[in-house]
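Report on one structure; see the data block that follows.
There are 2 protein chains.
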Amino acid sequence: MVEAVEGLKIPSVLKEAMIYSLQAGGKRIRPILLLAVIRTFNQDTRLGLNTASALEMIHTYSLIHDDLPSMDDDDLRRGKPTNHKMFGEAAAILAGDGLLTYSFQLIAEDSALTTDQKVKLIALLARCAGPEGMVGGQVADIEGENKRLTVQELENIHVHKTGKLLIFSVLAGGIISGASENELELLERFSYHIGLAFQIQDDILDIEGSEEMIGKPVGSDESKHKSTYPSLLSMKGAKEKLQFHLDEALTALTSMPVESGLLAEIARLIVSRNH
Amino acid sequence: MVEAVEGLKIPSVLKEAMIYSLQAGGKRIRPILLLAVIRTFNQDTRLGLNTASALEMIHTYSLIHDDLPSMDDDDLRRGKPTNHKMFGEAAAILAGDGLLTYSFQLIAEDSALTTDQKVKLIALLARCAGPEGMVGGQVADIEGENKRLTVQELENIHVHKTGKLLIFSVLAGGIISGASENELELLERFSYHIGLAFQIQDDILDIEGSEEMIGKPVGSDESKHKSTYPSLLSMKGAKEKLQFHLDEALTALTSMPVESGLLAEIARLIVSRNH
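Quick note, the sequences are listed as chains P and A, same order.
Position one of the first sequence corresponds to residue 15 (the numbering used here), numbered consecutively onward.
Position one of the second sequence corresponds to residue 15 (the numbering used here), numbered consecutively onward.
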């Protein structure tokens with residue numbers, strides 16, 4: 015992923031800013047899910063490497079822009095200074111723009127994929143990351159600040175802001191593996207519930223986690239007056255909802271005609287993670 | 015173009031911000047070039063409508079981000095308040111992100127094109143708009159402020175910041191028309207010189223134009239201490255360079271096996287425009 019950016023002939027500050035955030039760590043849950051789906055269908059995971067990189071670049075660009083002063087105004091991300099704190103706002107905005115644009119290039123120029131797969135992946139990625147997906151979710155999230163949302167409104171924000179890209183992660187693995195329409199539907203159901211479980215666990219960790227583990231101050235949602243699952247449902251209600259979505263995700267897997275133990279393990283890992 | 019965005023199910027402020035800048039006028043030089051190339055090859059211009067919209071969306075996103083306080087900090091664009099002045103910085107950044115991402119979706123989901131054409135167009139668009147193209151050019155432009163650049167450095171900035179997307183406009187028309195490798199090379203040469211001519215005329219108008227015509231204060235480059243062709247070459251030298259690039263563009267056209275009078279007219283129009 016970083017090697018691809020290293021090889022670009024671009025201004026050095028742009029390259030440094032792009033690589034800085036790509037290297038900032040993170041759980042790499044999206045690439046892991048994509049590659050795990052390919053393994054589940056007994057295909058060569060190398061077929062998914064460029065799409066996995068593209069996915070992590072889109073995720074990284076969204077974090078860089080979300081952290082900007084005019085958005086969440088965060089100084090720290092994963093325990094390190096945010097991109098604009100290191101390189102200034104202009105370079106951070108452009109590093110995000112560059113990662114977003116380059117991610118489409120990576121897929122379009124991937125010699126391991128057929129043209130048909132590339133077009134499907136690009137159309138789906140743009141849908142999941144764009145105005146009807148992640149970008150729309152971020153706008154809704156900003157609009158929802160300092161308001162008490164209903165659970166449905168909160169869920170709608172998360173489905174778009176984080177859920178859609180997780181759905182892409184899983185479906186992309188299916189597209190690359192040549193999964194059937196029925197298998198893609200089950201994968202979509204699995205990933206929809208995993209996405210919500212992931213977000214609920216995020217909200218829980220914001221209260222119960224330690225700053226050292228999660229890389230940002232504990233209670234930062236509350237201090238920003240953001241609605242969260244625990245604030246709307248109580249901690250007990252949030253944990254029940256987490257379990258519900260995990261169960262639904264696992265149920266979708268049991269209907270799959272292939273052995274899906276790896277995906278079930280990853281689902282459980284996402285729910286039990288402490289950072 | 016606006017109809018496509020109208021139809022999206024997205025937060026209303028995002029939709030308004032995207033449409034506001036798409037409707038802000040502008041010369042539509044990129045879509046015009048794309049469609050003119052398709053006409054030149056005697057193909058149906060309707061084949062290029064979605065790609066032309068995608069192109070104008072990418073151009074519009076770049077203007078929204080360039081105008082931000084941390085970049086050029088412009089309050090006016092085409093005589094109207096800039097996007098962030100109307101909707102705030104966060105919405106402006108996200109409207110830009112949304113337009114950029116959606117432009118790839120428009121091409122990937124265009125039923126008028128073959129999958130092969132879509133992949134070629136998307137790869138080329140990402141190259142021309144991304145880190146190795148427009149985004150890299152914007153970074154270089156910011157880095158070049160308050161410095162006296164050489165003509166070569168200035169040209170390198172313009173080739174990336176504005177030239178690459180003009181090259182895409184012309185080559186996209188060729189790809190959609192099924193142009194040969196040789197024809198694509200001539201089109202690229204034509205568009206390279208048109209791009210530089212366009213930029214030199216921009217610099218000249220910034221000094222000789224009227225505020226009413228160009229939609230921004232006359233002399234704004236000078237007040238920002240930007241190197242321009244007239245500042246480096248004198249007004250006479252800049253005009254000679256403009257004529258040189260126009261001649262080179264027209265020479266490329268004469269080698270084309272198709273009747274290219276329309277493209278020659280557009281080239282002359284770009285050079286003689288007063289806004």
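Cβ coordinates follow ideal geometry from the N, Cα and C atoms, glycine included.
Nothing here was measured: the structure is a model prediction, and the numbers come from that model.
Top-ranked residue by Cα proximity to residue i, from the options
| i | options | result |
| --- | --- | --- |
| F118/P | A106/P, N97/P, A143/P | A143/P |
| V285/A | L139/A, S67/A, D216/A, D220/A | D216/A |
| A152/A | D81/A, T59/A, L108/A | Strictly speaking, residue 152/A in this sequence is Gln, with Ala absent from that position. The candidate whose alpha carbon is nearest that of Q152/A is D81/A. |
| S248/A | A263/A, M270/A, V272/A, E222/A | E222/A |
| E273/A | L22/A, P25/A, I52/A | I52/A |
| A186/P | A18/P, Y34/P, E169/P, F55/P | F55/P |
| S84/P | E202/A, A105/A, R92/A | A105/A |
| L246/P | T128/P, L163/P, G62/P | L163/P |
| T128/P | E30/P, L61/P, A252/P | L61/P |
| H289/P | S35/P, Y34/P, G21/P, G39/P | G39/P |
| S169/A | G209/A, D58/A, I218/A | Position check: residue 169/A holds Glu in this sequence, whereas Ser was assumed. It is G209/A. |
| E146/A | K29/P, E279/P, R44/P | K29/P |
| L108/P | L179/P, Y75/P, R92/P | Y75/P |
| A122/A | M100/P, A137/P, L201/P | A137/P |
| G150/P | L256/A, L77/A, E262/A, T115/A | T115/A |
| G102/P | H73/A, I156/A, D111/A | I156/A |
| E262/A | E20/A, N196/A, H207/A | H207/A |
| S35/P | P244/P, M100/P, Q166/P | M100/P |
| A211/A | D235/A, G251/A, G192/A, N64/A | G251/A |
| V19/P | K178/P, G112/P, G177/P, Q166/P | G112/P |
| D58/A | M71/A, G192/A, L120/A, S269/A | G192/A |
| D124/A | A126/P, H98/P, K134/P | K134/P |
| P271/A | Q166/A, E199/A, G177/A, R141/A | E199/A |
| L283/P | L260/P, L22/P, L120/P | L260/P |
Neighbouring residues, chain A, relative to residue i (Cβ below 8 Å)
| i | result |
| --- | --- |
| Y116/P | A140, G144, P145 |
| V173/P | Ordered by position in chain A, no residue passes the 8 Å Cβ test against V173/P, which lies about 12 Å from the chain. |
| I107/P | H79, L82, S84, M85, I107 |
Strand pairing of residue i, partner residues [DSSP]
| i | result |
| --- | --- |
| R282/P | None; R282/P has no bridge partner. |
| R331/P | Outside the displayed range of chain P (15 to 289) lies residue 331/P, so it cannot be described from this structure. |
| E90/A | In the sequence on display, residue 90/A carries Leu and not Glu. Looking at the DSSP assignment, L90/A forms a beta bridge with P95/A. |
Proximal residues of chain P, C-beta to C-beta of residue i below 7 Å
| i | result |
| --- | --- |
| A104/A | S84, M85, I156 |
| L22/A | P145, E146 |
| G112/A | G144, P145, V149 |
Chain P residues whose Cβ lies nearer than 8 Å to that of residue i
| i | result |
| --- | --- |
| V291/A | Residue 291/A lies beyond the range of chain A shown here (15 to 289); nothing can be said about it. |
Distance between beta carbons of residue j and residue i, contact taken as under 8 Å
| i | j | result |
| --- | --- | --- |
| D86/P | P95/P | With 8 Å as the limit, D86/P and P95/P do not qualify as a contact, their Cβ atoms being about 14 Å apart. |
| M148/P | H172/P | M148/P to H172/P, Cβ: 11 Å. No contact. |
| S26/P | G158/P | Not a contact, Cβ separation roughly 39 Å. |
| S67/A | M15/A | 4 Å |
| N160/A | H239/A | 5 Å |
| I218/A | K253/A | 7 Å |
| L189/P | Q131/P | What sits at residue 189/P in the sequence shown is Ile, not Leu. Right, the Cβ-Cβ distance comes to about 6 Å (below 8 Å), so this counts as a contact. |
| I47/A | L139/A | Per the sequence shown, residue 47/A should be read as Leu rather than Ile. The Cβ separation is near 14 Å, so there is no contact. |
| S194/A | R44/A | The pair is not a contact, with the Cβ atoms about 23 Å apart (cut-off 8 Å). |
| A266/A | R203/A | 4 Å |
| A154/A | N64/A | Actually they do not touch by this definition, with Cβ atoms about 31 Å apart. |
| R42/P | E70/P | 7 Å |
Residue i: CB within 7 Å of a non-hydrogen atom of the ligand SAM
| i | result |
| --- | --- |
| F212/P | Among the ligands in the structure shown, none appear at all, so the ligand SAM cannot be discussed. |
Under 7 Å by beta carbon: chain A residues contacting residue i
| i | result |
| --- | --- |
| H150/P | According to the sequence as given, residue 150/P is Gly; it is not His. Residues of chain A passing the Cβ test: I24, P25, L28. |
| Q119/P | A137, A140, R141, G144 |
Near-chain A residues of the region 85-98 of chain P (beta-carbon distance less than 7 Å), N- to C-terminal order: Result list: M85.
Against chain P: residues of the region 121-136 of chain A by CB proximity under 7 Å: Hits within the stretch, in order: A122, E123, T129, D130, K132, V133, I136.
Chain-ordered residues of the region 177-211 of chain P with a beta carbon less than 8 Å from chain A: Taking a C-beta cut-off of 8 Å against chain A, none of the residues of the region 177-211 of chain P qualify.
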